[in-house]
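Working notes, beginning with the structure itself.
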Amino acid sequence: MHTRRLIQGLALTVVIGVLATGVLVTYRLTTSLVLEELSPENWLWAPSQQNRALLVLRATLGQIAAGGEGDDDEYVVQRDVALTQVNNMVQVLERNPEAFASEQPIVTAIRTLFDTYLATETTPDAAPTPEKARELLPILDEMVGLSVDVLNERRRLASESYVESRTTIEQLQYVQFATLATLMVAGMALIWLIHKTLSDQLRFTRTQAEATENATRKMELVYRGSLVLSSQLDQDESADDGDAGVSGQLYQHYSV
């Protein structure tokens, strides 16, 4: 009895564990965290930062080209930030060449233009003169335009990937729910089978024990019957011997 309950408990625990795992995985896939990780905003971070840095540099350079005074430290910092963001985009594409293959030519063109921009500068540690700023503006304007193209292309890729990922998650949910239902039915069937097997085994054991007990009782009754019969036979033999002795004495008496 204890063994049967133990096996049933283990089977039920396994079924509940599998179902709970499936439910947790399904919940994880449907939470906002997963969709947030796949959201277009995360895809757009690098290209948007590149575009922003180039626009800030463009505003400062345009002010200098218009005859305004440019702060050397401010200009150098803005230029270096823009260069860093462009290099970050290059590294992103190097790590994901297949995913962002359509952006590769544009980003390469931006990096080449930035090299041209740096080579055109005559005072890398200070703000350019208005004349030099006007010479640099066309190069920077082209980089800004290309950065907008990269941003638009990334938006398109992010939107397609988001829709595809969401569709895949929904399909996976259907598969998981079907799997959970199948596991539930299989688990209940397993519990029923174990219960039936153990019940049949217990019934067989009881039947065998009852048969053994009945056979023992019959043998005991036969043994007792044989003892009674043997006792009766002994008594009959004693009675016959007594009758024979009396007859012999009478015969001798009358013969005299």
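Just so you know, the working numbering puts the end of the sequence shown at 253, numbered straight through with nothing missing. Cβ coordinates follow ideal geometry from the N, Cα and C atoms, glycine included. Bear in mind that the values here come from a model prediction, so they are computed numbers and not experimental data.
Query	Result
Residue burial classification, residue 254 (beta-carbon count within 10 angstroms, cutoff 16)	In the structure displayed, the chain extends from -2 to 253; residue 254 sits before or after that span and is not available.
Assigned secondary structure, residue 281 (DSSP; H/G/I helix, E/B strand, else coil)	The question about residue 281 has no answer here: the residues shown for the chain are numbered -2 through 253.
Sequence-distant residues of the same chain with beta carbon closer than 7 Å to residue 114, five excluded per side	133, 136 and 137
When 128, 130 and 85 are compared against residue 108, the one with the closest alpha-carbon	85
Residue 83 beta carbon less than 8 Å from that of residue 111	yes
Proximity of residue 67 and residue 124 at Cβ, strictly below 8 Å	yes
Rounded distance between the beta-carbons of residue 143 and residue 106, thought under 8 Å	6 Å
Residue 40, buried or exposed, once every other Cβ within 10 Å from all chains shown has been counted against 16	buried
Assigned secondary structure, residue 85 (DSSP; H/G/I helix, E/B strand, else coil)	helix
Coarse secondary structure for residue 93, derived from DSSP in three states	coil
Residue from 141, 92, 45 and 99 whose Cα sits closest to the Cα of residue 58	141
Candidates 75, 69 and 71, of which the one nearest residue 48 by Cα	75
Nearest to residue 96 (by Cα), restricted to the options 200, 157, 179 and 210	157
Segment limits, alpha helix (DSSP H) that includes residue 43	42 to 62
DSSP state of residue 117 mapped onto helix, strand, coil	helix
Reduced DSSP secondary structure (H/G/I, E/B, other) of residue 66	coil
Coil, strand or helix - residue 122 by DSSP	coil
Assigned exposure category for residue 186 - 16 Cβ within 10 Å defines buried	exposed
Distance between residue 166 and residue 176 (C-alpha atoms, nearest Å)	15 Å
Nonlocal neighbours in the same chain, by C-beta distance under 8 Å from residue 10, ignoring five residues either side	none
Spatial distance of residue 210 from residue 219 (CA atoms)	14 Å
Secondary structure of residue 243, DSSP reduced to three states	Summary for residue 243: the model assigns pLDDT 48, below 50, so the residue's position carries little reliability, and this model does not support an answer.
Rounded C-alpha distance that separates residue 230 from residue 223	10 Å
Residues of its chain near residue 43, where Cβ-Cβ distance is below 7 Å and the 5 sequence neighbours each way are ignored	85, 86 and 89
Short Cβ contact (8 Å threshold) for residue 56 with residue 127	no
Backbone CA spacing between residue 46 and residue 168 [nearest angstrom]	34 Å
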